[in-house]
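Enquirer: Below you'll find the structure I mean.
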Amino acid sequence: MNLTLLHKQFGTQEKCISYLEKTRWNKKPLCLHCNSKNVKKRAKSIRWHCNACNKDFSVLMGTIFEGTRLPLPKFFEIMFLMNNAKMGISASEIARLVGVKYQTAWFACHKTRCAMIDNELKLEGMVEFDEAYIGSKKKKKSELIENEANLSKMTSKRGRGTNKTPIVGAVEKKGRVYVKIIEKLTGRNLLAMLRDKVDVDSSIVFTDDFRSYKQFDKAVEHITIKHSEGYGKGVKTINTIEGFWSIIKNGIKGSYRSVSKKYLPFYLAEFSYKYNNRHLQKDAFTKLLENAVKDENCLLNYKPKGNPREIVARQRKCKTAMS
Ligand SMILES: [Zn+2]
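Structure representation (structure tokens):
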């Protein structure tokens, strides 16, 4: 997919709607209220009418597009740009490129990130675990994210034991990544993440010697790499996850400058999605559209708290202060 093809395939509202209907229902539309097949398209409208429950619905209902006033060709264009920006792209740049207001771009970007969330991921094989710390503090730009692996002393003011937001990542060597915020890096919390996201029966897990990872011993084959004895050799390293941290670090620093804790999960979803689909060059955008109309997609009901205008204004102010 390139821009020319994008405009050709999704140049009008009708084309976008019929693509989404095909993707979501595969020519067999079901009522989104009662699941009945007894539905009829309303004339000159994107809406369908259900004869069973007498209600109307459209393919946009319950998706990231619900309630948007942005024409779908523009929305698709925004999704396309985000999907192609390896290191992230700021809402202000999107606004300029697509020709929409900053506020509109900002919402569409967050909605797109919702479509990038993958809750079904289960990692297997050789899996590395590690944590990093992301702070929205307006310190030196180089300190936006700190990787604890380089700061193994617990007494350090950076890394473990600071008020920055701890994120934990699990990554298959040469594979996919899962990352989430874990407020308290206790053995129990880390173990819960391990059991939830890693197939413990078929995997070997690599971590550093942070004591909370000791709990892994009872759940999975666990190899500890002692940083005090060097950084390991061959597969006995956690280099893959460190590589992912640097992608997030550079992406956030370069495109978003700072990210508040509240919105951090969305950015983590964006970077993980792109990392996990990095080999899918041809179909990555199509996959994103499929995700966008998936029923089980989470965070669809996400709405910013407070007046959107004020939130956006605050974000801008913060950005100006930083640049
Ligand atoms: Zn119905």
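The numbering used here runs 367 ahead of the 1-based position in the sequence shown.
The beta-carbon is built from N, C-alpha and C at its ideal position, and this holds for glycine as well.
Note that the structure is predicted; figures quoted are calculated from it, not measured.
1. What do you reckon, is the C-beta of C383 under 6 Å from a heavy atom of ligand 1?
2. List the whole-angstrom C-beta distance separating I615 from K603, where the pair is believed to meet the contact cut-off of C-beta under 8 Å.
3. Let me check understanding here. Comparing Cα to Cα, which of E637, S457 and V535 lies closest to K551?
4. Taking only three categories from DSSP, how would you classify L490?
5. Since I believe V587 is in contact with V565 (beta carbons under 8 Å), could you give me their beta-carbon distance rounded to a whole number of angstroms?
6. On a Cα-Cα basis, can you pick out the residue from K395, P438 and N421 that is closest to E381?
7. Out of T574, V426, Y580 and P533, state which residue places its alpha-carbon closest to the alpha-carbon of R555.
8. Please return the same chain residues whose Cβ sits closer than 8 Å to the Cβ of Y630, not counting the five positions on each side in sequence.
9. Could you say which of E388, G434 and A482 lies nearest to Y640 if we only look at CA atoms?
10. Would a C-beta distance cut-off of 7 Å place G618 and M454 closer than the cut-off?
11. Under a criterion of Cβ closer than 5 Å to any non-hydrogen atom of ligand 1, which residues qualify, in chain order?
12. For chain C, find out if any of its Cβ atoms is closer than 7 Å to the Cβ of S627; answer yes or no.
13. Is there contact here, the stretch 383-398 with the stretch 455-464, by at least three beta-carbon pairs under 8 Å?
14. Run the CB neighbour count on T371, radius 10 Å, all protein chains shown included, and call it buried at 16 or more, exposed below.
15. Expressed to the nearest angstrom, what Euclidean distance is found between the alpha-carbon atoms of P440 and T379?
16. Is DSSP giving C417 helix, strand or coil here?
17. Run through the stretch 570-612 for me and flag every whole beta strand (DSSP E) of 3 or more residues, listed as ranges in chain order.
18. In terms of residue numbering, what span does the beta strand (DSSP E) encompassing I534 cover?
19. Which partner residues of E498 appear in the DSSP bridge assignment?
20. Tell me which residues share the same chain as F377 and place their Cβ nearer than 6 Å to its Cβ, disregarding the 5 neighbours each side in the sequence.
21. When you compare only the Cα positions, how much space is there between G542 and L647?
22. Assuming F496 and A462 form a contact by the criterion Cβ under 8 Å, report the distance between their Cβ atoms to the nearest whole angstrom.
23. What does DSSP give as the partner residue(s) for Y545 in the beta ladder?
24. Mind checking L655: buried by the 16 CB within 10 Å criterion, or exposed?
25. Buried or exposed: which applies to R313, given that a residue is buried once 16 or more other Cβ atoms fall within 10 Å of its Cβ?
Expert: Based on what the coordinates show:
1. False, no ligand heavy atom lies under 6 Å from that Cβ.
2. That belief does not hold up - the Cβ atoms of I615 and K603 are roughly 24 Å apart, past 8 Å.
3. Nearest neighbour of K551 by Cα position, chosen from E637, S457 and V535, turns out to be V535.
4. L490: strand per DSSP, three-state reduction.
5. Between V587 and V565 the Cβ distance is about 7 Å, and since that is below 8 Å, they are a contact.
6. Comparing Cα positions, the closest option is P438.
7. The alpha carbon of R555 has as its nearest neighbour, out of T574, V426, Y580 and P533, the alpha carbon of Y580.
8. Counting only Cβ-Cβ distances below 8 Å, and skipping sequence neighbours, we find H477.
9. Minimum Cα-Cα distance from Y640 among the listed residues E388, G434 and A482 corresponds to A482.
10. Contact: yes.
11. Those residues are C398, H400, C401, S403, C417, A419 and C420, given in chain order.
12. Of the protein chains in this structure there is only one, and it is not chain C.
13. These segments do not touch.
14. The residue in question, T371, is exposed, as its Cβ has fewer than 16 Cβ neighbours within 10 Å.
15. Straight-line Cα distance between these residues: approximately 6 Å.
16. C417 sits in a strand when the DSSP states are folded into three classes.
17. Qualifying beta strand (DSSP E) stretches, in chain order: 571-575 and 588-592.
18. Per DSSP, the unbroken beta strand (DSSP E) holding I534 starts and ends at T532 to E539.
19. Answer is V535.
20. Correct list, in chain order: C383, P440 and F443.
21. Whole-angstrom Cα-Cα distance: 13 Å.
22. With a Cβ gap of about 38 Å, F496 and A462 do not count as contacting.
23. BP columns for Y545 point to A537.
24. Classification for L655: buried.
25. Given that the chain is displayed from residue 368 to residue 690, the structure contains no residue 313 and the question cannot be resolved.
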